[in-house]
Amino acid sequence: MSPCTANTSAHSQVLLQADISTYTSLTIHRLGSSDENPAQITLYRSQSFPAPRLIQSYVPLPRIESWAPLSLLKNGAHLELELAGSISEGRVGLAYSARIIRSTADAYLPDLCIKLVKPKYGRTLAREAWFYEQLSLEPGYEGAITPRCFGFFTVPLKDCLDIKGQPVSRVEPWENLTINPPGPDSDEYEDEEDIDWWLPDDAPGLEDFFKDDDGWKSGSSWDKWRPSASDPLICVLVLEKLGKPYSSPEQHEEEELEYVVPGSYHILSGLCSYIQ
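For the sequence shown, the numbering used here gives the first residue as 9, with consecutive numbering after it.
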């Protein structure tokens, strides 16, 4: 075999990068179980929730076709993952490392993690998914200023069965959570931090500041979606797993100084505070 033939063969084996539209279904191991058996929960790609456009005054604006949620493919690839260790917990979701078991796509995947939303925050995650879609359309953003996203997937808990066909009764990361959707007569806007379906563009009286002429927001099923304690929805984002948080060089220098001369460091810190 000539060197040119060998190089061509090696080049043909290089896999393309998977992207946000590669997968249409997702199976997660160790996510849930019934009262008796473990379950392998399968979720399906769902549409994201577009935001209206923020404007300063209602003047004619050019239409942006890409503002719409990405279309859902019918025969995309399938991804199978297993939950690994917990990474962190935030106000709306929980992040877990994920081990890749199987992918039917002939595409490269980096190390992955999943963001599992808490039961009442599905609408918020659908909006976050839309931001990842928008960023994926701009060259050079994904994998540089944001992690790569490989899809937004959902399934009603009532549709999930264990390995023996029994209904799934537990989503393991939800075990210590409580579902408390707001009452129909509550004043939703006074405490938006605890209300999933409240988003900044939902507030009344802001019609002059938000433009939704194409109806991408108002026509979305997420616009009227509300959490249900009796019928919770499992929602996840599959994301590229990143490394340690970035820290500034100044922080490193400070930590090194404290390590090398701990006594002098605290004395100098006190003197600097006194002088200031």
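C-beta: ideal position from N, C-alpha, C; glycine also.
Residues of the same chain with a CB within less than 8 Å of the CB of LEU207, apart from the 5 flanking positions on each side, are ALA59, ARG131, THR132 and ARG135 in chain order. Non-local beta-carbon contacts of TRP138 in its own chain, meaning distances under 8 Å to residues more than five positions away in sequence, involve SER56, PHE57, PRO58, ALA59 and PRO77 in chain order. In this structure, ALA103 lies near LYS123, with their beta-carbon atoms less than 7 Å apart. Non-local beta-carbon contacts of GLU90 in its own chain, meaning distances under 6 Å to residues more than five positions away in sequence, involve HIS37, ARG38, ARG107 and ILE109 in chain order. Using a Cβ distance threshold of 7 Å, VAL67 and PHE158 do not count as a contacting pair. Burial check for ALA237: the Cβ neighbour count within 10 Å stays below 16, so the residue is exposed. Nearest to CYS243 by alpha-carbon distance, out of ALA211, VAL22 and TYR52, is TYR52. Put simply, the backbone Cα of ALA85 is about 6 Å away from that of THR30. Per the DSSP secondary-structure output, LEU87 pairs in a beta bridge with LEU34 and SER111. In this structure ARG71 is in contact with ASP222, their Cβ atoms being roughly 7 Å apart against a cut-off of 8 Å.
By the beta-carbon neighbour count (other beta carbons within 10 angstroms, threshold 16), LEU165 is buried.
Among the bridge pairs identified by DSSP, SER94 is matched with TYR104. In this structure, ASP170 lies near ALA47, with their beta-carbon atoms less than 7 Å apart.
By the Cβ-count criterion, GLY173 is exposed, with fewer than 16 other Cβ atoms from all chains shown falling within 10 Å of its own Cβ. Residue pairing for PHE218: DSSP places it in a beta bridge opposite LEU62. Collapsing the DSSP output to three states places PHE57 in coil.
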